[in-house]
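**Student:**
Numbering (UniProt numbering), first residue to last: 1 to 285.
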């Protein structure tokens, strides 16, 4: 599994006179991590993710993913090698669905990699399982599915190419609560199976509950990289970087202010378990 090492990376979209989209960013992401990349709009989080995916070259510095290193001088072949490790699910990926059937859509990427028909079929079957869709969906039109199902089909199309690293840009945007819960459960399952997850989101509740590392971006700078418990323990830091306090963290603060002794919690379920234990029961009883 490849580790991601970003060293002194800067990136300019156009004139060097303008503020760089990324300014001297350095961070290490261990293989198998679940990383939340957060920051307000324009902070540089999507630019950082696109460079990790090999969609461009840094203006300066280097990005290393496994045995592939990309710099300003790297060739298109170097970028292609980098992309072999990484899958990128863009925001509203269902808008990119195009084939007559779900199976054809998922098979598009592996087919273009030159895989044999047998290997492609196996990849389609595995990808459907990973996003919790039955094999019978392969013959259905993607445009006859619900919004949440279409989102999972689009993600399956990326997973079919079996990336070691999966980048998701606001994957739950526009989904209702039930579809959001199911999709996050699918993503957590992928992480448990060993996939490195990079989650770009404005939803701090999701980051608090699922991530083991949080990368905070602000105006092209990497402000902090730390475990979620450390990031979300400082309300002043969150406010300075335009980040919301997760619901569970905010509720725990209010309970302590009211004299209820609770440990910091990163999810509502964890907080509910604490309160149930204090009352002598179990959450859900």
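Glycine residues also receive a C-beta, built at the ideal position from the N, C-alpha and C atoms.
(1) From residue 237 to residue 37, what distance separates their C-alpha atoms?
(2) Find the nearest neighbour of residue 181 within the set 167, 197, 205, 192, judged by alpha-carbon distance.
(3) Below 8 Å between beta carbons: does that hold for residue 216 and residue 39?
(4) Identify every run of the beta strand (DSSP E) within the stretch 85 to 110, keeping only runs that are complete inside it and at least 3 residues long; order them along the chain.
(5) Counting Cβ pairs, one atom from each stretch, are 3 or more of them under 8 Å apart for the stretch 81 to 94 and the stretch 160 to 170?
(6) What does a CB cutoff of less than 8 Å around residue 21 pick up in its chain, not counting 5 residues either side in sequence?
(7) Could you pull out every residue in the same chain whose Cβ sits closer than 8 Å to the Cβ of residue 123, ignoring the five residues on either side in sequence?
(8) Less than 8 Å between the CB atoms is what I'm expecting for residue 81 and residue 53, so what's the real figure, rounded?
(9) Kindly confirm or deny that the stretch 93 to 100 and the stretch 131 to 145 touch, where touching means at least three C-beta pairs closer than 8 Å.
(10) Starting from residue 221, trace the beta strand (DSSP E) in both directions and tell me its first and last residue.
(11) My guess is that residue 61 and residue 9 are in contact by the Cβ rule of under 8 Å, so how many angstroms apart are they, rounded?
(12) Give every residue of the same chain whose Cβ lies closer than 6 Å to the Cβ of residue 69, excluding the five residues on either side of it in the sequence, and list them in chain order.
(13) What is the C-beta distance between residue 130 and residue 190, in whole angstroms, given that I count them as a contact (C-beta under 8 Å)?
(14) Would you kindly check if the distance between the Cβ of residue 135 and the Cβ of residue 146 is under 8 Å?
(15) Give a yes or no on whether the C-beta atoms belonging to residue 231 and residue 248 are separated by under 8 Å.
(16) Looking only at C-alpha atoms, which of 67, 58, 66, 154 sits nearest to residue 73?
(17) Where does residue 143 sit, in a helix, a strand or coil, going by DSSP?
(18) Can you give the Cα-Cα distance for residue 50 and residue 200, rounded to whole angstroms?
(19) Using the Cβ count rule (16 or more neighbours within 10 Å means buried), how would you classify residue 119?
(20) Once you ignore the five residues that flank residue 30 on each side, which residues in its own chain have a CB closer than 7 Å to its CB?
(21) Leaving aside the five residues before and after residue 227 along the sequence, list all residues of the same chain whose C-beta is less than 8 Å from its C-beta, in chain order.
(22) So, is residue 1 buried or exposed, given that buried needs 16 or more other C-beta atoms within 10 angstroms?
(23) To which residues of the same chain is residue 151 closer than 6 Å at the C-beta, ignoring the five residues directly before and after it?
(24) Indicate the three-state DSSP secondary structure (helix, strand or coil) for residue 22 in the structure shown.
(25) Taking 8 Å as the CB-CB limit, is residue 50 close to chain C?
(26) According to DSSP, residue 322 sits in a beta bridge with which residue or residues?
(27) Locate the alpha helix (DSSP H) running through residue 301, then write down its first and last residues.
(28) Give the C-beta separation of residue 233 and residue 264 to the nearest angstrom, bearing in mind that I take them to be a contact with Cβ-Cβ under 8 Å.
(29) CB residue 26 to CB residue 196, shorter than 8 Å?
(30) Please report the straight-line C-alpha distance between residue 246 and residue 186, rounded to a whole angstrom.
(31) How far does the alpha helix (DSSP H) with residue 237 in it reach, from first residue to last?
**Tutor:** To lay it out plainly:
(1) Approximately 16 Å, taken between the alpha carbons.
(2) Checked all of 167, 197, 205, 192; the closest Cα to residue 181 is 205.
(3) With contacts defined as CB atoms closer than 8 Å, residue 216 and residue 39 qualify as a contacting pair.
(4) 86 to 89, all fully within the stretch 85 to 110.
(5) With three or more CB-CB distances shorter than 8 Å, the stretch 81 to 94 counts as touching the stretch 160 to 170.
(6) The answer, listed in chain order, is 11, 12, 13, 44, 47, 220.
(7) A distance below 8 Å between beta-carbons, with the five flanking residues on each side excluded, links residue 123 to the following residues of its chain, in chain order: 106, 107, 110, 115, 160, 161, 162.
(8) In this structure, residue 81 and residue 53 do not form a Cβ contact; the two beta carbons are roughly 12 Å apart against a cut-off of 8 Å.
(9) Yes, they touch.
(10) Counting along the chain, the beta strand (DSSP E) containing residue 221 begins and ends at 221 to 226.
(11) In this structure residue 61 touches residue 9 by the C-beta definition: roughly 4 Å separates them, less than 8 Å.
(12) Counting only Cβ-Cβ distances below 6 Å, and skipping sequence neighbours, we find 62.
(13) About 6 Å separates the CB atoms of residue 130 and residue 190; that is less than 8 Å, so the two are in contact.
(14) Going by C-beta atoms, residue 146 is not nearer than 8 Å to residue 135.
(15) Against a cut-off of 8 Å, the Cβ pair of residue 248 and residue 231 comes out as no contact.
(16) Out of 67, 58, 66, 154, 58 has the C-alpha closest to the C-alpha of residue 73.
(17) It is helical.
(18) Answer to the nearest angstrom: the Cα atoms are 11 Å apart.
(19) So residue 119 counts as exposed.
(20) Answer for residue 30: 3, listed in chain order.
(21) Excluding sequence neighbours, residue 227 sits near 212, 213, 214.
(22) Exposed is the label assigned to residue 1, since fewer than 16 other Cβ atoms lie within 10 Å of its Cβ.
(23) Apart from the 5 residues on each side of it in sequence, residue 151 sits with its Cβ closer than 6 Å to the Cβ of 94 in its chain, given in chain order.
(24) Strand, per DSSP.
(25) No chain C is present in this structure, which holds just one protein chain.
(26) What is shown of the chain runs 1 to 285, which leaves residue 322 out entirely.
(27) The shown model of the chain, from 1 to 285, leaves out residue 301, and the question about it has no answer.
(28) Confirmed, Cβ separation roughly 6 Å.
(29) A distance of 8 Å or more separates the beta carbons of residue 26 and residue 196.
(30) Spanning the two alpha carbons is a distance of roughly 21 Å.
(31) Element bounds for residue 237: 235 to 240.
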